[in-house]
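Residue numbers (this note's numbering), protein chains in the order written: chain A, 38 to 220; chain B, 38 to 220.
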DNA sequence: TGACATAAGTTCACTTTATCAACCCACTAA
DNA sequence: TTAGTGGGTTGATAAAGTGAACTTATGTCA
């Protein structure tokens with residue numbers, strides 16, 4: 038499907054995948070550790086890890102020979118998923134807290150415990166449903182999952198009561214050739 | 038499972054759910070619009086919407102009587118998911134861009150096109166795999182999905198080469214009773 | 001008056017995935 | 001040589017997803 042969210046979900050959205058990535062971030066690296074911690078069936082863990090390795094999110098590295106043993110580690114793409122896990126965790130803490138309070142907290146390198154916030158790197162302001170407008174990008178196309186963008190982003194609007202999109206298309210700055218890649 | 042990420046994934050992580058939420062954010066609201074845009078089978082869309090309504094993420098509101106017709110809209114919890122969708126989208130744009138470039142771009146209310154960044158609200162610094170350490174919270178427990186936290190967070194460390202966790206437990210500020218709920 | 005259209009689903013047969021439990025293989029240590 | 005460990009396979013069973021057709025209630029055109 039022609040949509041960045043769908044692409045991301047295709048790689049990261051399978052049942053156990055976010056939890057596998059969380060465990061790898063937390064320092065687990067061996068097959069048996071992951072299987073035991075998650076309680077996932079071993080053949081499914083095999084498939085998930087294969088998929089993650091194929092997607093370039095996880096690296097499978099032999100940490101000893103005779104017998105060969107493998108460690109699983111996050112690649113740069115994998116480490117880049119971690120902030121997305123933070124925002125998911127923050128949402129879970131806020132709207133679906135397990136009984137007894139949040140099981141884990143985050144501490145930033147500035148020394149403070151915090152709840153992550155998604156921001157605009159230009160002005161530092163919060164990026165949320167009220168302050169952000171999506172607009173068609175260079176790869177916009179028609180078809181499943183993008184018809185939405187084709188229709189409301191085309192500017193017609195259709196008169197639906199809350200169309201946060203149509204009237205903003207004209208505001209898009211030029212030079213849409215590439216997104217900032219940050220970092 | 039006793040983990041905020043698992044809770045969030047339980048609500049948001051089912052196959053089509055992020056795309057449904059994206060479409061609702063973009064202004065679609067009717068059953069047939071969603072079904073047509075996504076190409077999802079209709080009975081599955083029914084189940085997903087029921088699940089989202091039960092979880093308090095989506096609201097089902099009759100927008101006309103005779104015949105009764107329903108509109109689906111994001112609740113506050115649903116609007117709160119949107120920043121997580123932004124970070125997923127940013128990841129997808131960076132690491133799994135569909136051919137032709139990103140299909141959608143984001144414009145902040147400050148007027149700039151941007152790539153969302155997850156930050157610490159105290160210092161404004163970026164929150165990523167290098168700058169953030171998770172520590173055990175008040176609801177920390179043992180069992181599947183939290184054994185990880187029980188072991189490395191206990192401070193033993195076990196000598197694994199990259200344990201970003203153990204040495205930081207002592208740094209956690211007091212008063213862990215509740216996470217900042219922001220906004 | 002009848003024929004057709006629309007929105008919002010249901011039902012059903014079929015296919016694909018996930019899960020659990022058990023097994024396998026190479027090697028090591030005692 | 002016997003048992004243990006790490007990293008998987010294999011195969012039966014259970015759960016989910018898919019596509020197409022059907023339903024219900026109503027409005028609209030001719």
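Backbone N, C-alpha and C fix where the C-beta goes; we use that ideal spot for every residue, glycine too. Quantities reported herein were computed from a predicted structural model and do not represent experimental measurements.
Inset, instruction - Measure the C-alpha to C-alpha separation of residue 64/A and residue 77/A and round it to an integer number of angstroms. - result: Taking the straight line from one Cα to the other gives about 18 Å.
Legend entry - Distance, residue 164/A Cα to residue 116/B Cα: Cα-Cα distance, rounded: 11 Å.
Legend entry - Proximal chain A residues relative to residue 78/B, where beta-carbon distance stays under 9 Å: For residue 78/B, none of the residues of chain A pass the 9 Å Cβ criterion, the least Cβ distance being about 12 Å.
Legend entry - Under 7 Å by beta carbon: chain A residues contacting residue 44/B: Identification of chain A residues near residue 44/B by a Cβ-Cβ cut-off of 7 Å yields 129, 133 and 135, ordered along the chain.
Inset, instruction - For residue 68/B, decide whether its Cβ has a neighbour in chain A, counting only Cβ atoms nearer than 8 Å. - result: When Cβ-Cβ separations below 8 Å define contact, residue 68/B makes no contact with chain A.
Legend entry - Member of 119/A, 97/A, 166/A and 46/A whose CA lies at the smallest distance from the CA of residue 114/B: Per the Cα distances, 166/A.
Legend entry - Sub-8 Å separation of residue 53/A and residue 79/A beta-carbons: Contact check for residue 53/A against residue 79/A fails: the beta carbons are separated by 8 Å or more.
Legend entry - Cβ pair residue 48/B, residue 72/A closer than 8 Å: Their beta carbons are not under 8 Å apart, which means residue 48/B does not touch residue 72/A by this criterion.
Legend entry - Minimum Cβ-Cβ distance from residue 83/A to chain B less than 8 Å: No, residue 83/A does not count as interfacial toward chain B.
Inset, instruction - Determine the extent of the alpha helix (DSSP H) in which residue 223/B is found, giving its start and end residues. - result: Nothing can be reported for residue 223/B: it is not among the residues displayed for chain B, which extend from 38 to 220.
Inset, instruction - Report yes if the C-beta distance between residue 151/B and residue 140/A is below 8 Å; otherwise report no. - result: The Cβ-Cβ distance between residue 151/B and residue 140/A does not fall below 8 Å.
Legend entry - Beta bridge counterpart(s) of residue 44/A as assigned by DSSP: Under the DSSP definition of a beta bridge, residue 44/A lacks any partner.
Inset, instruction - Counting only the same chain and skipping the five closest in sequence on each side, list residues whose C-beta sits under 8 Å from that of residue 92/B. - result: 48 and 114, listed in sequence order.
Legend entry - Cβ of residue 88/B within 8 Å of any chain A Cβ: No, residue 88/B lies away from the interface with chain A (no Cβ there is under 8 Å from its Cβ).
Inset, instruction - Give the single residue among 89/B, 142/B, 103/B and 121/B whose Cα lies nearest to the Cα of residue 112/B. - result: Checked all of 89/B, 142/B, 103/B and 121/B; the closest Cα to residue 112/B is 89/B.
Inset, instruction - Using a Cβ-Cβ cut-off of 8 Å, state whether residue 139/B counts as contacting chain A. - result: Yes, residue 139/B lies at the interface with chain A (some Cβ there is under 8 Å from its Cβ).
Legend entry - Whole-number beta carbon distance between residue 58/A and residue 122/A, since they are thought to touch under 8 Å: Right, their Cβ atoms sit about 6 Å apart.
Inset, instruction - Output yes or no for whether 8 Å exceeds the beta carbon distance between residue 171/A and residue 143/B. - result: One thing to note: residue 171/A has its Cβ within 8 Å of the Cβ of residue 143/B.
Inset, instruction - Taking residue 55/B as the query, report the chain A residues whose CB atoms sit under 9 Å from its CB, ordered along the chain. - result: Within 9 Å Cβ-Cβ: 42, 43, 45, 46 and 50.
Legend entry - Whole-angstrom distance between residue 66/A and residue 69/B, CA atom to CA atom: C-alpha separation (whole angstroms): 45 Å.
Inset, instruction - Please report how far the alpha carbon of residue 101/A lies from the alpha carbon of residue 45/A, in whole angstroms. - result: So the two alpha carbons sit approximately 33 Å from each other.
Legend entry - Beta-carbon proximity check, residue 138/A vs residue 135/B, cutoff 8 Å: Not in contact: residue 138/A and residue 135/B (Cβ atoms no closer than 8 Å).
Inset, instruction - Consult DSSP for residue 141/B and reduce its assignment to one of helix, strand or coil. - result: Note: residue 141/B maps to strand in three-state DSSP.
Inset, instruction - Kindly indicate which three-state DSSP category residue 154/A falls into: helix, strand or coil? - result: Looking at residue 154/A - three-state DSSP - the assignment turns out to be strand.
Legend entry - According to DSSP, residues forming a beta bridge with residue 96/B: Residue pairing of residue 96/B in beta bridges, as defined by DSSP: 110/B.
Legend entry - Cβ-based neighbour list, residue 106/A, same chain, cut-off 8 Å, excluding 5 preceding and 5 following: Excluding positions up to five away in sequence, the list reads 67, 99 and 100.
Inset, instruction - Please report the residue range of the beta strand (DSSP E) in which residue 170/B lies. - result: Start and end: 169 to 173.
Inset, instruction - Can you give me, in chain order, the residues of the stretch 166 to 180 of chain B that have a beta carbon less than 7 Å from any beta carbon in chain A? - result: Those would be 166, 168, 169, 170, 171, 172, 173, 174, 175, 176, 177 and 178, in chain order.
Inset, instruction - Ignore the nearest five residues each way along the sequence and tell me which others in residue 41/B's own chain have a CB closer than 8 Å to its CB. - result: None.
Legend entry - Beta-ladder partner(s) of residue 163/B, from DSSP: Residue 163/B has 156/B as its beta-bridge partners, per DSSP.
Inset, instruction - Just confirm the distance between the C-beta atoms of residue 50/B and residue 50/A, as a whole number of angstroms; I'd bet it's less than 8 Å. - result: About 6 Å; that satisfies the 8 Å criterion.
Inset, instruction - Give a yes or no on whether 8 Å exceeds the smallest Cβ distance from residue 153/A to chain B. - result: Yes, residue 153/A counts as interfacial toward chain B.
Legend entry - Cβ-based burial, residue 104/B [other Cβ within 10 Å; buried from 16]: Around the beta-carbon of residue 104/B, fewer than 16 other beta-carbon atoms lie within 10 Å, marking it exposed.
Legend entry - Unbroken alpha helix (DSSP H) run spanning residue 72/B, endpoints: Per DSSP, the unbroken alpha helix (DSSP H) holding residue 72/B starts and ends at 68 to 75.
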